[in-house]
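K.L.:
Residue numbers (this note's numbering): 1 to 527.
1. Please report the residue range of the beta strand (DSSP E) in which residue 482 lies.
2. Can you grab the Cα-Cα spacing for the pair residue 494 / residue 93, in whole Å?
3. Among 129, 81, 218, which has the Cα closest to the Cα of residue 32?
4. Cutting at 6 Å between CB atoms, please list the residues of its own chain near residue 364, excluding the five before and the five after it.
5. Counting only the same chain and skipping the five closest in sequence on each side, list residues whose C-beta sits under 8 Å from that of residue 226.
6. Thinking C-beta only, is residue 486 closer than 9 Å to residue 419?
7. Between residue 195 and residue 122, what straight-line distance do the alpha-carbon atoms span, to the nearest angstrom?
8. Measure the alpha-carbon distance for residue 190 versus residue 236 and round it to whole angstroms.
9. Do you know whose CA, among 412, 328, 468, lies nearest residue 447's CA?
10. If I measure Cβ to Cβ from residue 301 and keep anything under 6 Å in the same chain, skipping five residues before and after, which residues do I get?
11. Mind the definition here: the region 97-106 touches the region 78-85 only if three or more C-beta pairs lie below 8 Å; say whether that holds.
12. Please state if the CB of residue 243 and the CB of residue 458 are separated by a distance shorter than 9 Å.
13. When the distance is taken between beta carbons, is residue 50 closer than 9 Å to residue 516?
14. In three-state DSSP terms, what is residue 84?
15. One question on the structure: do residue 162 and residue 209 come within less than 9 Å of each other, judged by their Cβ atoms?
16. When the Cα atoms are used, what is the spatial distance from residue 577 to residue 268?
17. So, with DSSP's three-state summary, where would you put residue 375?
18. Can you name the residues that DSSP bridges to residue 532?
19. If residue 132 sits next to residue 143, beta carbons under 8 Å apart, how far is it from one beta carbon to the other, in whole angstroms?
20. CA-CA distance, residue 522 and residue 288?
21. Hey, which unbroken runs of the beta strand (DSSP E) at 3 residues or more fall wholly within the region 270-347?
22. Just the Cα atoms here: how many angstroms apart are residue 211 and residue 125?
23. Rounded to a whole number of angstroms, what is the C-alpha to C-alpha distance between residue 183 and residue 324?
24. Could you say which of 332, 383, 379, 115 lies nearest to residue 265 if we only look at CA atoms?
25. In whole angstroms, give me the CA-to-CA distance for residue 118 and residue 408.
26. What residue range does the beta strand (DSSP E) around residue 578 cover?
27. So, are the CB atoms of residue 303 and residue 491 less than 9 Å apart?
28. Which whole-angstrom value is the C-beta distance of residue 185 and residue 166, which I expect to be below 8 Å?
29. Report yes or no: do three or more beta-carbon pairs, one from the region 496-505 and one from the region 267-281, lie closer than 8 Å?
30. For residue 365, write down the residues that DSSP places opposite it in a beta bridge.
31. Any idea if residue 470 is buried or exposed, counting beta-carbon neighbours within 10 angstroms, 16 or more meaning buried?
32. To the nearest angstrom, how far is it from the Cα of residue 275 to the Cα of residue 416?
33. Any idea if residue 456 is buried or exposed, counting beta-carbon neighbours within 10 angstroms, 16 or more meaning buried?
34. Taking the continuous alpha helix (DSSP H) assigned at residue 359, which residues delimit it?
35. Apart from the five residues on each side of it in sequence, which residues of its chain come closer than 6 Å, Cβ to Cβ, to residue 152?
36. Compare the Cα-Cα distances from residue 110 to each of 138, 127, 84 and report the closest residue.
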């Protein structure tokens, strides 16, 4: 008898049985996820922010959803159709219950479409997606007609952003009430039970959910924006899944037999806002005082800034290849992608010539702002960009900090030169085209995130026409032409790259990577 072999076999069997117990018992287990973001609110209509929306999509749902590839799919609406150019009919899913047991009705949908306009102090309002709706008509409890001022062929895309809440519960609720989780107003697969800003969000499975039941009885989303803390939490087993693997550890994680890595090219584009105002808080003299004339108001300066940035170096060296250089706002293959807009190739000599022509042969001082805990290696990206700009005589002072503090000030246009990312969902780029570059008009829901104050009447006209054009080919041409005008001729902002999103999990956990970068616990499956 070989006692050593028998002991090995016994240990192996015990390990297999134990792992099997973990896998089959997943229905009764808690899933712990480490997020790279730090969501700052639990009100589903307060802040049009992808990190917040991804967190809240566990408890709240939209009429139309996006699948892992960013395509439209039924949500709380089982179907939708254009009755005419200005009217859409949405049929609701029967038998959907809110977390308090009451049934979803078209009245709740109408209320949820009105609520974003009533939310005060929003850093980025959801009215961008609801302003086109001029009338809501409830036909019956499961049918609602939405009328728009002009043709709105992209209304189903817009409604992927608007969460539906219970009118009875939420009509008197404040944002603070939502943040303190004083009630249950959603229909999602999980109930939000606790939200601690800067720390975590806790969910329990909603057994009355209309769809497929999640594998997990409860979920804890831990906010771990510091890369090292997130990596350590996974390796120690404190969490079973993390998003945004530290770039220089991806290959090591892939080689680790106890881990699985999942990745996808993201629809999120990283770019730099450039200030178009007469004076800018970002353009200063050597003592830090704003210049009387904003150099970035000159298109030659904006073009020079773009030429000084080597996107391929950013992707290869700073991001460890977790990026794809771009000159667009839409990802390749997406509706509205303009293949004429190739990524700018670094050209220091050309940049210096443009700066000299604009009257800045010796450059000037700029404050470059951005977050240090939101995007892949964002702090290092900002440092690298600062070094690249110095080759043209641009003296850079970095102003970086947590996204939670950065975004509030950026939305007030306190920064004139800053890094931001925008996820393009719904298979088309209308949201950044009107949100980032359209002239700010709160009444029309345009330019809600136009923090660079860009304004071009010809661009606005093309976007407005594209948003109301039913013909897909004509709309796509309008979007492509508008992007070409804004990015190629005007250099309204400076596109950098699309991120490559990564997730890592303990063995036995499976996740389908998403182009929108969202980490959704109800789509996490035990193998």
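Backbone N, C-alpha and C define an ideal beta-carbon position, used for all residues, glycine too.
P.N.:
Reading from the atomic positions:
1. Residue 482 -> not in any beta strand (DSSP E); alpha helix (DSSP H) instead, spanning 472-483.
2. Distance between the alpha carbons of residue 494 and residue 93 is about 42 Å.
3. Among 129, 81, 218, the Cα nearest to that of residue 32 belongs to 218.
4. Around residue 364: 295.
5. For residue 226, where only same-chain residues beyond five positions count, the Cβ hits under 8 Å are 373.
6. No. Outside cutoff.
7. Cα to Cα, residue 195 sits roughly 19 Å from residue 122.
8. Cα to Cα, the separation comes out at about 26 Å.
9. When only C-alpha atoms are compared, the closest one is 412.
10. Taking residue 301 as the centre and dropping the five residues before and after it, the same chain places the C-beta of 295, 358 closer than 6 Å to its C-beta, in chain order.
11. With a cut-off of 8 Å, the region 78-85 and the region 97-106 do not count as touching, because too few Cβ pairs lie within range.
12. Not in contact: residue 458 and residue 243 (Cβ atoms no closer than 9 Å).
13. Taking the C-beta atoms as reference points, residue 50 is found nearer than 9 Å to residue 516.
14. Residue 84 falls in the strand class under three-state DSSP.
15. Cβ distance not < 9 Å, so residue 162 and residue 209 don't count as in contact.
16. It is not possible to answer for residue 577, since the shown part of the chain is limited to 1 through 527.
17. Coil.
18. Because the chain is modelled from 1 through 527, residue 532 falls outside the range shown and cannot be assessed.
19. About 20 Å separates the two Cβ atoms, so there is no contact after all.
20. Inter-residue distance for residue 522 and residue 288 is about 49 Å (C-alpha atoms, whole angstroms).
21. Segments of the beta strand (DSSP E) lying fully in the region 270-347: 323-325.
22. Rounded to the nearest angstrom, the two C-alpha atoms are 29 Å apart.
23. Using only the alpha carbons, I get a separation of about 43 Å.
24. Out of 332, 383, 379, 115, 332 has the C-alpha closest to the C-alpha of residue 265.
25. Cα to Cα, residue 118 sits roughly 19 Å from residue 408.
26. The first residue shown for the chain is 1 and the last is 527, placing residue 578 beyond what the model contains.
27. Their beta carbons are under 9 Å apart, which means residue 303 touches residue 491 by this criterion.
28. The pair is a contact, with the Cβ atoms about 5 Å apart (cut-off 8 Å).
29. They touch, by the three-pair rule.
30. For residue 365, which the question treats as bridged, DSSP gives the partners 284, 395.
31. Within a 10 Å sphere around the beta-carbon of residue 470 sit fewer than 16 other beta-carbons, which makes this residue exposed.
32. A straight line joining the alpha-carbon of residue 275 with that of residue 416 spans about 5 Å.
33. Sixteen is the threshold: when 16 or more other Cβ atoms of the shown chains lie within 10 Å of the Cβ of residue 456, as they do, the residue is buried.
34. Residue 359: not part of any alpha helix (DSSP H); DSSP gives it neither H nor E.
35. If we look at residue 152 and ignore the five residues flanking it on each side, its Cβ neighbours are 132.
36. Of the candidates 138, 127, 84, the one whose C-alpha sits nearest the C-alpha of residue 110 is 138.
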